[in-house]
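Trainee: So the sequence shown is numbered by my numbering: it starts at 82 and just counts up by one. Cβ atoms here follow ideal geometry from the backbone N, Cα and C, with glycine treated the same way. Have a look at this one before I ask anything.
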Amino acid sequence: MSNTRDIRAVWTKAIAALCLTLFLLASASSAGLCAASPPKVAVEEIRHWSNPNYTRIVITLGRKTKFSHRLLKQDPSINVGWRRLYVDIEGAALGAKLPKTIPINDGLLKAARAGQFDKDTVRVVLDIESIEDFKIFPLEEPYRIVIDVTGVHGALPKEAAKPALPKADAVQPPVPPVAADPTLSQQLGLKVRKIVIDPGHGGKDPGAVGKGGLQEKDVTLKLARMLREKLKKTAFGGTVIMTRETDVFIPLEERTAIANSKEADIFISIHINSSPKRTASGVETYILNVSRDAKARRLAARENATSTRSVSDLEFILNDLIKTAKTNDSSRLASSVNTRLAAKLRENYGGIKSNGVKGAPFYVLVGTKMPSILVEASFISNPEEEKRLREDKYLQSIVDGIYSGLAEFLSGGSSV
Ligand SMILES: [Zn+2]
């Protein structure tokens, strides 16, 4: 009995304490003292990559929040010769380390400016000299707003000619000197002069890890280097650019920005697949698209380092971007690479599966302006394939297969 009385006494005290807390909270709130509004989202960083025809701006935020944007007409009353695009970020405050003005001056954008528009809104303004089109979309984990601005082709001011920026293709491709042995790209009418190879993951992001400890980031870097060598040794004749040369972390949106700002003609992202099913094996090649295939969506989530929920959100937001992607060329490239890759591996190895060409919303393919594919060149989760991925001979077969698919695509042939 005394036990019951004790319990009652504890309950009475607890309820009294709860009532007091609620009362104090209510009073504080009505007096305007209570911090009812959530803490502000910090606008942490604004990065950009650009050339005279293209600029990608990435605004990194502390967490997800709402934003809106507007492209303003040129305003004669304020006597400036450029247009402004602004993004209003709700419930936000300027981060402590964020500079107020980020000069760009690439001939397309003059600068990005960030300011506290009102107590709840940060406004990021882009001063644009010549704009043809722009896309704005969020990526998650961490939450960032990506703005891709395309300029009016050819209407470039003088300062656009920056030595570090590729502009060889901006107007007319220069006629190369006649070589004794014409290179592959010369034979093919110089359509493809720059290939960007993107070794998946790197640095703090190992990618998938095999049961034996092999890390995806190491295999993709090795493959990318070997593919670059192969392209250099053979008669490709163009430029090969790598998004990373060492074991370093590069955000996905930066990899895309590298390909676009270098005006690449082809973008190949190299990855190694993984599945909870140890028996899963083979090669598959992706293009940017929405997907109903649960496995492909899970893979996109893993490669994007997000949840599958974020993949669904992305599909919804990016519907028009996905529709305007270079789908036909990308499909043809993916088909050639996937078929040739599987065939090349089969020349030396048994049990190679081709899982075909698929679409899924990969961050790294969003906004690319050239035929772009993501190759999953084996399963690191499959013990047999993990073992093979440690052998140079197997890696060379993968590289030879990708190269062969690339050559087929360049020559206009296709295995579709
Ligand atoms: Zn990967």
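Do you know offhand how far S342's Cα is from E335's?
Mentor: Your numbering for residue 342 matches position 261 in the sequence shown. Your numbering for residue 335 matches position 254 in the sequence shown. Going from the Cα of S342 to the Cα of E335 covers about 10 Å.
Trainee: Can you give me the Cβ contacts of K434 inside the same chain, cut-off strictly under 7 Å, excluding the 5 residues immediately before and after it?
Mentor: Taking the first residue of the sequence shown as position 1, residue 434 is located at position 353. Taken in chain order, the residues that qualify are S362, G363.
Trainee: Regarding A289 and ligand 1, is the C-beta to nearest heavy atom distance less than 7 Å?
Mentor: Within the sequence shown, numbered from 1, the residue matching residue 289 stands at position 208. For ligand 1, at least one heavy atom lies less than 7 Å from the Cβ of A289.
Trainee: Please go through the stretch 367–412 and give each complete beta strand (DSSP E) segment of 3 or more residues, from N-terminal end onward.
Mentor: Counting only runs of 3 or more, we get nothing.
Trainee: Using 7 Å as the cut-off, classify the Cβ of E297 as near or not near the heavy atoms of ligand 1, replying yes or no.
Mentor: Within the sequence shown, residue 297 is the residue found at index 216, counting from 1. Yes.
Trainee: Comparing C-alpha positions only, which one of G319, R204, D346 sits nearest to I170?
Mentor: Walking along the sequence shown from the start, residue 170 turns up at place 89. Checked all of G319, R204, D346; the closest Cα to I170 is R204.
Trainee: Do you know whose CA, among R165, N132, I183, I226, lies nearest E210's CA?
Mentor: Start at 1 with the first residue of the sequence shown, and residue 210 comes out as number 129. Nearest C-alpha to E210: R165.
Trainee: Could you compute how far the alpha carbon of D481 sits from the alpha carbon of E125?
Mentor: Counted from its first residue, the sequence shown places residue 481 at position 400. Counted from its first residue, the sequence shown places residue 125 at position 44. Rounded to the nearest angstrom, the two C-alpha atoms are 43 Å apart.
Trainee: Going by DSSP, which residues form a beta bridge with L333?
Mentor: Start at 1 with the first residue of the sequence shown, and residue 333 comes out as number 252. Looking at the DSSP assignment, L333 forms no beta bridge with any residue, so it has no partner.
Trainee: Is there contact between the stretch 389–397 and the stretch 410–418, where contact requires at least three CB pairs shorter than 8 Å?
Mentor: The stretch 389–397, when compared against the stretch 410–418, does not touch it at the 8 Å Cβ threshold.
Trainee: Would you tell me roughly how many angstroms separate the C-alpha atoms of G172 and E384, rounded to the nearest one?
Mentor: Sequence index remark: in the sequence shown, residue 172 carries index 91 (1-based). Sequence index remark: in the sequence shown, residue 384 carries index 303 (1-based). Cα to Cα, the separation comes out at about 30 Å.
Trainee: At which residues does the alpha helix (DSSP H) containing Q473 begin and terminate?
Mentor: For the purposes of this step, residue 473 is taken as the residue at position 392 of the sequence shown. The sequence shown places Asp at residue 473, not Gln. From DSSP, the alpha helix (DSSP H) with D473 extends over 473–491.
Trainee: Near Q477, what residues of its chain come up, given a Cβ to Cβ distance below 6 Å and the 5 sequence neighbours on each side ignored?
Mentor: Numbered from 1 along the sequence shown, position 396 holds the residue referred to as residue 477. For Q477, where only same-chain residues beyond five positions count, there are no Cβ hits under 6 Å.
Trainee: How many angstroms separate the CA atom of P277 from the CA atom of E326?
Mentor: For the purposes of this step, residue 277 is identified with residue 196 of the sequence shown, where counting begins at 1. For the purposes of this step, residue 326 is identified with residue 245 of the sequence shown, where counting begins at 1. The amino acid occupying residue 277 in the given sequence is Val; Pro does not appear at that position. Each residue's Cα considered, the two are about 12 Å apart.
Trainee: Using the C-alpha atoms, what's the distance from S453 back to A345?
Mentor: Numbered from its first residue, the sequence shown carries residue 345 at position 264. Numbered from its first residue, the sequence shown carries residue 453 at position 372. Distance between the alpha carbons of A345 and S453: 10 Å.
Trainee: Between which two residues does the alpha helix (DSSP H) harbouring E466 extend?
Mentor: Residue numbering aside, residue 466 sits at position 385 when the sequence shown is read from its first letter. Here the alpha helix (DSSP H) through E466 covers 464–470.
Trainee: Threshold first: 3 residues or longer. Then list the beta strand (DSSP E) segments lying entirely within the stretch 281–344, N to C.
Mentor: Here the runs fully enclosed are 320–323.
Trainee: To the nearest angstrom, how far is it from the Cα of I483 to the Cα of D187?
Mentor: Numbered from 1 along the sequence shown, position 402 holds the residue referred to as residue 483. Numbered from 1 along the sequence shown, position 106 holds the residue referred to as residue 187. Spanning the two alpha carbons is a distance of roughly 35 Å.
Trainee: Using only alpha-carbon positions, find the residue among A441, P133, D410, P464 that is nearest to L487.
Mentor: As a position in the sequence shown, residue 487 is number 406, starting the count at 1. Ranking A441, P133, D410, P464 by Cα distance to L487 puts D410 first.
Trainee: Consult DSSP for K191 and reduce its assignment to one of helix, strand or coil.
Mentor: Reading the sequence shown from its first residue, position 110 is the one you call residue 191. Three-state DSSP puts K191 in a strand.
Trainee: So for A424, helix, strand or coil by DSSP?
Mentor: Here residue 424 refers to the residue found at position 343 when the sequence shown is read from its first residue. Here A424 sits in helix by DSSP.
Trainee: Would you be able to state if there are at least three C-beta pairs under 8 Å between the stretch 133–145 and the stretch 224–233?
Mentor: The stretch 224–233, when compared against the stretch 133–145, does touch it at the 8 Å Cβ threshold.
Trainee: Along the chain, where does the beta strand (DSSP E) containing F443 start, and where does it finish?
Mentor: In the sequence shown, the residue the question calls residue 443 occupies position 362. From DSSP, F443 is part of no beta strand (DSSP E); its letter is neither H nor E.
Trainee: What do you get for K181, buried or exposed, if any count of 16 or more other CB atoms within 10 angstroms of its CB means buried?
Mentor: Here residue 181 corresponds to residue number 100 of the sequence shown, with the count starting at 1. Its Cβ having fewer than 16 others within 10 Å, K181 is exposed.
Trainee: Measuring only the C-alpha atoms, how far is A249 from G293?
Mentor: Taking the sequence shown and counting its residues from 1, the one referred to as residue 249 is at position 168. Taking the sequence shown and counting its residues from 1, the one referred to as residue 293 is at position 212. Because the pLDDT of A249 is 33, which lies under 50, any placement of that residue in the model is unreliable, and the number read from its coordinates should be weighed accordingly. Roughly 46 Å between the two C-alpha positions.
Trainee: Tell me whether H150 counts as near ligand 1, meaning its Cβ is closer than 7 Å to at least one heavy atom of that ligand.
Mentor: Here residue 150 refers to the residue found at position 69 when the sequence shown is read from its first residue. Flag unset: Cβ of H150 not near ligand 1.
Trainee: Looking at C-alpha atoms only, which residue of A458, T449, Y444 is the closest neighbour of N436?
Mentor: Indexing the sequence shown from 1 puts residue 436 at position 355. Minimum Cα distance to N436 is reached at A458.
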